[in-house]
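A short write-up of the structure that comes next.
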Amino acid sequence: MAKCPKLPREKYELYKVENPAFRRFLNFLRLPYTPPGHKAIATTLLDSVYGQTKRDMKAVLEKARRQIALRYNAKNLAKGILEVAKDVGKLSITTICLDNASNIKAAQGLLTRAVPNYLILECASYIVNLYVANFFKIGDFRVIFNAVKNVSKFFRRSSLLIGMLDEATRPQVRRKALQLLGNTRWQGKFNSVDLVLENRDWILSVVQNLIAASIMTQQTQKQRFYKVVAIVSDLYASFIYLLTSVTLHTTLPREDVQNTLRNRFQQVHHPLGTISYICDPLARRELPVAVTDKMQMEVGEYIAQQYPPTQGNTRHAAALYKELMDVLHRRGAFEKCGTDLSWQSFEDYTDPAEWWRIQRCTDELKELAIYALSINPITRAAKRN
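Each step along the sequence shown adds one to the number in numbering that gives the first Met the number 0, with nothing skipped, and position 315 is 314.
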C-alpha cells in the first residue's frame with residue numbers, strides 16, 4: 000500500500016485521503032466510491048452540530064418567551080437569565096455578556112450573588128455603539144457629517160444631477176453611488192463620508208459647471224435652483240476645508256475624543272482581556288499594543304483576588320504574576336520566543352489554547368492562560384463595529 004505521510008499545506012496537516020499517493024492507489028483499485036475529504040467531513044459535521052445547537056437553544060428561548068410580559072426590571076432579568084442557564088446547563092456557562100443599562104447593572108449584582116463563579120463582562124459591541132454616539136455629538140465632527148448629508152441629499156434628489164455626475168465620470172471609472180446618512184446604523188454615516196470623498200472631484204466639477212452655466216442676472220439669482228446650487232457649492236468647499244484640517248490634525252478635538260474613548264474603555268475593559276492578549280501569540284504578532292503599567296497593576300490585583308494566600312503557600316499569587324510578566328516581556332522560560340513575536344512552535348497550532356497545553360510552565364499559569372483565552376466577549380457585531 001502507498002505510504003501516506005503527513006504533508007504540510009498552508010500550516011495545516013493534509014488529510015490522508017487527499018494525499019496524491021493515496022489518490023493514485025484508489026484509482027488503481029477502481030473502487031465504486033471515493034472517500035470524503037476533510038472539507039466534506041468538516042462541512043457535514045459543522046452543519047449537523049450547528050443545526051442541533053440551534054434547535055436546542057430555540058427550545059430554551061421558546062420556553063422563556065412567557066417572561067416577555069413581565070416587567071423589565073433587575074429581578075425579572077436576573078431570574079430569566081438563571082432559568083436559561085439552568086436549561087442550558089450551569090456548568091456549560093463561564094461568562095455572561097451584558098450591556099450597562101441601569102436595570103441590567105442591578106441584575107448583574109443579583110447574578111453575582113446567585114452564581115459567583117460566573118464572569119460577567121460588558122458587551123463590547125454595545126460599548127462601541129455608545130462611544131460612536133458620543134463621537135457624533137462633538138461639534139467639529141457634527142459639522143462634517145451635516146455637510147456630507149446635505150451634499151448627498153442634494154444630488155440624490157435629482158435624476159438630472161445624478162446623470163451629470165455619471166457623465167463626468169464615464170470616461171474614467173465607474174462611479175460609486177452616493178448614500179444618505181442613516182439615523183440608526185452609524186456605519187452608514189462613515190460609508191456616506193467615504194462615498195462623498197470618492198466622488199468629490201466630480202461633485203465639485205458638476206457644481207462649478209452649474210454655476211458657470213447660470214446667467215448671472217438679478218432674476219436668475221432669485222430662482223430657487225440657483226440658490227441651492229450656490230449653497231451646496233459653499234457647503235462643499237467648507238466640507239473639504241474641514242476634512243483637510245482634520246486630516247492634518249489642526250482642528251481635530253483630540254482631547255475630547257481621547258476622553259470619550261478612555262471613559263468607554265474603562266467600562267468594557269477587564270483584566271482577563273489583558274491576560275488573554277498577553278497569552279495570545281497571534282494577537283501580539285498581528286496587533287502589537289503596549290500593555291500599560293496600570294493594566295499590569297489591574298492584572299496583579301485580579302490574580303491576588305483569585306489566588307488568595309493559603310497556609311502552605313503565602314506567595315502563590317506573586318509567583319504566578321511574576322511568571323505572567325515573564326510571558327509579557329519574554330523573559331526566563333519564554334526568552335527564546337523571539338523578539339519579533341513569532342513565537343517558537345506556534346505556527347503548528349491554530350488555537351492558542353492548544354499551544355499553551357504543550358508549554359513547559361506551571362500548571363497555574365497554563366490554566367489561567369487557557370481560561371482567559373477561552374473567554375471571548377467580542378461578538379461578530381463588535382468586530383464589525
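Beta carbons are placed, not taken as given, at the ideal position from N, Cα and C, and that holds for glycine.
Limits of the alpha helix (DSSP H) - the one that Ile80 falls within: Taking the sequence shown and counting its residues from 1, one reaches residue 80 at position 81. Its alpha helix (DSSP H) spans residues Ala73 to Val87.
Distance, Phe135 Cα to Asp193 Cα: Here the question's residue 193 lines up with position 194 in the sequence shown. Here the question's residue 135 lines up with position 136 in the sequence shown. Each residue's alpha carbon lies about 16 Å from the other.
Sheet register partners of Thr94 (DSSP bridge): Walking along the sequence shown from the start, residue 94 turns up at place 95. Note: Thr94 sits in a beta bridge opposite Leu118.
For Asp86 and Thr52, the rounded distance between their alpha carbons: Here residue 52 refers to the residue found at position 53 of the sequence shown. Here residue 86 refers to the residue found at position 87 of the sequence shown. Roughly 13 Å separates the two Cα atoms.
For Tyr130 and Ala368, the rounded distance between their alpha carbons: Taking the first residue of the sequence shown as 1, we reach residue 368 at position 369. Taking the first residue of the sequence shown as 1, we reach residue 130 at position 131. For Ala368 and Tyr130, the distance between alpha carbons rounds to 30 Å.
Status (buried if at least 16 other CB within 10 Å, exposed otherwise) for Leu76: Translated into the one-based positions of the sequence shown, residue 76 becomes position 77. Classification of Leu76: buried, given that the 10 Å Cβ count is 16 or more.
Coarse secondary structure for His328, derived from DSSP in three states: Position 329 of the sequence shown holds residue 328. Three-state result, His328: helix.
Own chain residues within Cβ distance below 6 Å of Val147, not counting five before or after: Locating residue 147 in the sequence shown gives position 148, counting from the first residue. The answer, listed in chain order, is Ser191, Val192 and Val195.
Own chain, CB closer than 8 Å to Leu319, minus 5 neighbours either side, in chain order: What you label residue 319 is simply residue 320 of the sequence shown in a count that begins at 1. Hits under 8 Å: Ile302, Tyr306, Thr361, Glu363, Leu364 and Leu367.
Three-way DSSP call (helix, strand, coil) for Tyr320 in this model: Here residue 320 is taken as the residue at index 321 of the sequence shown, counted from 1. Residue state, collapsed to three classes: helix.
Residue from Tyr49, Lys57, Lys188 and Val114 whose Cα sits closest to the Cα of Leu90: Mapped onto the sequence shown, residue 90 falls at position 91. Closest option to Leu90, Cα to Cα, is Val114.
CB-CB length for Thr273 against Val288, believed under 8 Å: Taking the sequence shown and counting its residues from 1, the one referred to as residue 273 is at position 274. Taking the sequence shown and counting its residues from 1, the one referred to as residue 288 is at position 289. That belief does not hold up - the Cβ atoms of Thr273 and Val288 are roughly 10 Å apart, past 8 Å.
Alpha-carbon to alpha-carbon, Arg23 and Pro35: Position 36 of the sequence shown, counted from the first residue, corresponds to residue 35. Position 24 of the sequence shown, counted from the first residue, corresponds to residue 23. Taking the straight line joining both Cα atoms gives about 15 Å.
Sequence-distant residues of the same chain with beta carbon closer than 6 Å to Leu340, five excluded per side: Position 341 of the sequence shown, counted from the start, is the residue given in the question as residue 340. Since pLDDT at Leu340 reaches only 40, below the 50 mark, its modelled position is unreliable, and the value read off the structure follows with that caveat. Around Leu340: Arg283 and Arg284.
C-beta atoms of Tyr71 and Thr94 nearer than 8 Å: Taking the sequence shown and counting its residues from 1, one reaches residue 71 at position 72. Taking the sequence shown and counting its residues from 1, one reaches residue 94 at position 95. It is not a contact, given that the beta carbons lie outside the stated cut-off.
Per-residue burial, Ile103 [other beta carbons within 10 Å of its own, 16 or more giving buried]: The residue given as residue 103 occupies position 104 in the sequence shown. Per the 10 Å Cβ criterion, buried.
Simplified DSSP assignment, three categories, for Asp139: Working through the sequence shown from its first residue, we reach residue 139 at position 140. It is helical.
Limits of the alpha helix (DSSP H) - the one that Lys293 falls within: Walking along the sequence shown from the start, residue 293 turns up at place 294. Taken as a continuous stretch (DSSP letters only), the alpha helix (DSSP H) holding Lys293 covers Asp292 to Gln305.
Nearest-angstrom beta carbon gap, Cys278 and Leu372 [assumed within contact, 8 Å]: By 1-based counting over the sequence shown, the position of residue 372 is 373. By 1-based counting over the sequence shown, the position of residue 278 is 279. Contact holds; Cβ gap of about 6 Å.
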